[in-house]
Amino acid sequence: DPLRELLMASMSEMTSLQARSVRLLPQRDEDIAPPQPPARWNVFKVMLRKHLHIARKRRRLLTSVWPALMYGGVTVVLYKAFAGIGDLQTRAVLLAVMVPIYIVLAVQGALQCAIVEIVSEKESKMKVVQEIYGLTTTMYWISWGGYFLFVSSLCMAVLYSLFTLAAPLLENSNPALVLIILLASYVQQLEFAAITAVFFDKVQT
Numbered sequence: 012d013p014l015r016e017l018l019m020a021s022m023s024e025m026t027s028l029q030a031r032s033v034r035l036l037p038q039r040d041e042d043i044a045p046p047q048p049p050a051r052w053n054v055f056k057v058m059l060r061k062h063l064h065i066a067r068k069r070r071r072l073l074t075s076v077w078p079a080l081m082y083g084g085v086t087v088v089l090y091k092a093f094a095g096i097g098d099l100q101t102r103a104v105l106l107a108v109m110v111p112i113y114i115v116l117a118v119q120g121a122l123q124c125a126i127v128e129i130v131s132e133k134e135s136k137m138k139v140v141q142e143i144y145g146l147t148t149t150m151y152w153i154s155w156g157g158y159f160l161f162v163s164s165l166c167m168a169v170l171y172s173l174f175t176l177a178a179p180l181l182e183n184s185n186p187a188l189v190l191i192i193l194l195a196s197y198v199q200q201l202e203f204a205a206i207t208a209v210f211f212d213k214v215q216t
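Heads up: the sequence shown is residues 12 to 216, going by our numbering.
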């Protein structure tokens, strides 16, 4: 029967196509290896670039460096003013009291900027979005550490330049020791800002 032969040929062709399509189908989910996660260094670079981009758009780099420039400038002005005091002991006492206070204020100014940066990201839900896309908590804080290390380097360069070029406050000090102390101060401010930011959800709080 020609009709039966045609039907059998069609069914045979359909079976052949089905077998061919099965061979072309992708493997089952359990047989597919998950993609390799990106390298940590690449994640760090992307996050650091993101922090710097946002800081540049919001002009927060200048805001972070401004306390160091302002209080460092005040320290230089006080040094020039105290230079006119004839009594060396009185001048030394005034410098010993005033200079550390303004250095502390210069470093302390970075704390408020750090808290604002971290809380702003929490308020915009950017932290949650990044965690959904696979960013770990460790890498999140390491990226913030890298960003504030960059900002701290700018502040340290401003303070050290003012205290060596504008006023010889550190002429008898070890430069490496001075920079280590300043760096430790800024790292301490970042750690305190990270702890403090946990208690706030909005910048205006």
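Note that beta-carbon positions come from the ideal geometry of N, C-alpha and C, so glycine has one too.
Extent of the continuous alpha helix (DSSP H) to which Gly156 belongs: That run of the alpha helix (DSSP H) goes Thr148 to Ser172.
May I have the straight-line CA-CA distance separating Glu134 from Gly95, to the nearest angstrom? If I take the Cα positions, the gap works out to 51 Å.
Got a sec? Which residues, its chain only, sit under 6 Å from Thr207 by beta carbon, not counting five neighbours each side? The residues are Ile126.
Should Val118 and Ser184 be called a contact, given that it needs their Cβ atoms to be closer than 8 Å? A distance of 8 Å or more separates the beta carbons of Val118 and Ser184.
DSSP three-state label for Tyr144, please. DSSP places Tyr144 in the coil class of the three-state scheme, outside both helix and strand.
For Leu201, the nearest candidate out of Leu146, Cys124, Gly84 and Ala187 (CA to CA): Of Leu146, Cys124, Gly84 and Ala187, the residue nearest in Cα terms is Cys124.
Just to confirm before moving on: does the CB-CB distance between Tyr171 and Leu194 stay below 8 Å? No, the pair does not count as a contact, with Cβ atoms beyond the cut-off.
Check Glu202 in the structure and name its three-state DSSP category. Helix at Glu202.
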